[in-house]
Every structure is written in C-alpha cells, then in structure tokens.
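In our numbering, the protein residues as written are 32 to 204.
All residues carry an ideal CB built from backbone N, CA and C; glycine is no exception.
These numbers were taken from a predicted model, which means no experiment stands behind them.
Below is one structure, written out as structure tokens; comments come after it.
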Amino acid sequence: WKHGVFLASQLKSETTAAAEHTGKQIMHDPFAMRPFVGYNFGRYIQHWLDFEKDPKNKLPKIFHVNWFRLDENKKFLWPGFGDNIRVLDWVIRRVNGEDIAEPSPVGLLPKTGSINLQGLVVDWDKLMSVPKEYWKNDIDETFSWLDGQLGEDLPQDIRTQIEEQKQRISQMN
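Right under this line is the structure:
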C-alpha cells in the first residue's frame, strides 16, 4: 500500500486546461490532483497512507503505467488506444492471483509473455527496460520537489519509499 501511495504522490503529467499553467510541459501532479487539492498536501498523502491502519478497509490494488513512453526516435513504445485493453487484461489476471509479475527496482513489472502482443510490433525489452540513469535522476528530482514543496509535512513513509527506491536503483548494473 505504501509503495502505491508513493507512486501516486510522485505522478507527473502534461499540463492541461484544468491546471494553473499554460503550454505543454511535464510537471509534478501528485495523485493527478494538483489543481484541486484544497488543503496541506502532506496531510493529503498521509490521509491515504492511514487507510492501511484500519483492518476493515479493503485496500485496492494499485497499478502505475506510462502509456506515453517514447523511444530514442520520439515514437511511442506502446501503441495505446484499444490495445490498452491488453494491459488491463494483465491487471485483472494479476489481481486474480496469477503469477505474471516480476520485481524490478521500481516495482513489479509484467513477466515476458504475460501480456498478449499478438498482432503488435512492440519491442518488449525496450518497453520493460528500467534505465538506471533515468530512474536515478527521476527519484532524486522527485525527492527534491516533494521535500521542497512539503518539507516537514512529507510523510515519513514516503521518505522511506524514496530511500528504498534509491537503494534499489543504486544496486542496478
């Protein structure tokens, strides 16, 4: 649960009309709620972390996907649109207990062959790659942003998730 809340707290998105900024740029958008949160965001994150404390709560599974990841030629690695159902099929099977995920430094990823790619031209290895330098820079920048925005209000559980991810990334080849 803590890892899922961490993923939500470090989301980024392209600016939209709903946001306070204009022009296309990628910016931090925790929980995809930045323009709409009306109180201290550290407390908002803690509110979500606290759901785990009540054993009566049936916590949802949390999945994170970047539909818009680009290759070195600025082409999408995943075709998107109707083919996203293939990933949703994987999610449903995962929730139902199928052993179709494997650990990575940034979380669980689909095992090779676990997503139906029939009829697609997809570079699976590139799609599932976890480039060390990218992720190292991303987690450093994410911590800097969260700490700069929230300071003491950044929940300790999120600080721990950041440190654990930094450690996993540092151990990559």
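Rounded Cβ spacing between residue i and residue j (contact assumed at less than 8 angstroms)
i      : j      : result
Pro61  : Gln41  : 7 angstroms
His59  : Trp155 : About 30 angstroms separates the two Cβ atoms, so there is no contact after all.
Ser135 : Val152 : With 8 angstroms as the limit, Ser135 and Val152 do not qualify as a contact, their Cβ atoms being about 24 angstroms apart.
Met159 : Leu140 : 5 angstroms
Cβ-based burial, residue i [other Cβ within 10 Å; buried from 16]
i      : result
Val126 : exposed
Gly35  : buried
Ile57  : exposed
Gln196 : buried
Ile123 : exposed
Trp98  : exposed
Ile116 : exposed
Arg65  : buried
Gln192 : buried
Whole-angstrom distance between residue j and residue i, CA atom to CA atom
i      : j      : result
Thr173 : Val137 : 13 angstroms
Tyr165 : Lys43  : 15 angstroms
Glu103 : Lys157 : 10 angstroms
Phe94  : Trp32  : 11 angstroms
Leu80  : Lys55  : 31 angstroms
Leu181 : Phe37  : 14 angstroms
Asp114 : Glu183 : 42 angstroms
Ala63  : Glu45  : 10 angstroms
Asn204 : Lys87  : 42 angstroms
Pro91  : Lys84  : 14 angstroms
Asp169 : Gly111 : 24 angstroms
Leu119 : Leu101 : 20 angstroms
Glu194 : Ser201 : 10 angstroms
Phe67  : Phe82  : 21 angstroms
Lys167 : Gly69  : 31 angstroms
As assigned by DSSP and simplified to three states, the class of residue i
i      : result
Phe107 : strand
Ser160 : coil
Ile57  : strand
Lys43  : strand
Leu177 : helix
Leu139 : strand
Leu185 : coil
Glu133 : strand
Leu148 : coil
Leu119 : helix
Leu101 : strand
Tyr11  : A question about residue 11 goes unanswered here, because the residues of the chain that appear run from 32 up to 204.
For the pair the region 174 to 188 and the region 136 to 147, tell me if three or more CB-CB distances fall below 8 angstroms.
Touching, no.
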